[in-house]
Amino acid sequence: MLSLKYLIVSLADAYSMLLFVYVLMSWLPTDRGILADINNVLAKVCDPYLNLFRRLIPPLGGMVDVTPIIALLVLQLGVRLLIGLF
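Residue numbers (the numbering used here): 18 to 103.
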């Protein structure tokens with residue numbers, strides 16, 4: 018049972034890192050080249066999860082998007098609560 022908990026936490030942490038890198042890459046120009054390829058892959062992995070929160074939370078002031086912060090918090094809290102149930 019301990020290895021299952023470790024696996025779940027490790028997968029959640031890895032996905033959190035992907036989300037974090039995706040958000041950081043949004044600050045860089047990714048029009049072409051390897052950064053564009055990396056950004057496209059991360060978008061396919063991260064956008065379905067982030068879009069769940071984008072439907073509920075509008076951007077603040079038109080430019081500030083807090084959905085990645087909320088998504089990371091929900092992911093980490095959800096995993097910790099799930100682990101606590103085992």
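Where a beta carbon is used, it is the ideal one built from N, C-alpha and C, also for glycine.
Whole-angstrom C-beta distance between isoleucine 100 and valine 38, which should lie under 8 Å: Wrong, their Cβ atoms sit about 24 Å apart, outside the cutoff.
Per-residue burial, proline 85 [other beta carbons within 10 Å of its own, 16 or more giving buried]: Residue environment analysis places proline 85 among the buried positions, since at least 16 neighbouring C-beta atoms fall within 10 angstroms of its C-beta.
Which residues DSSP lists as bridging valine 81, in chain order: Looking at the DSSP output, valine 81 shares a beta bridge with Leu77.
Host alpha helix (DSSP H) of arginine 71 (start-end): 51-71 is the extent of the alpha helix (DSSP H) around arginine 71.
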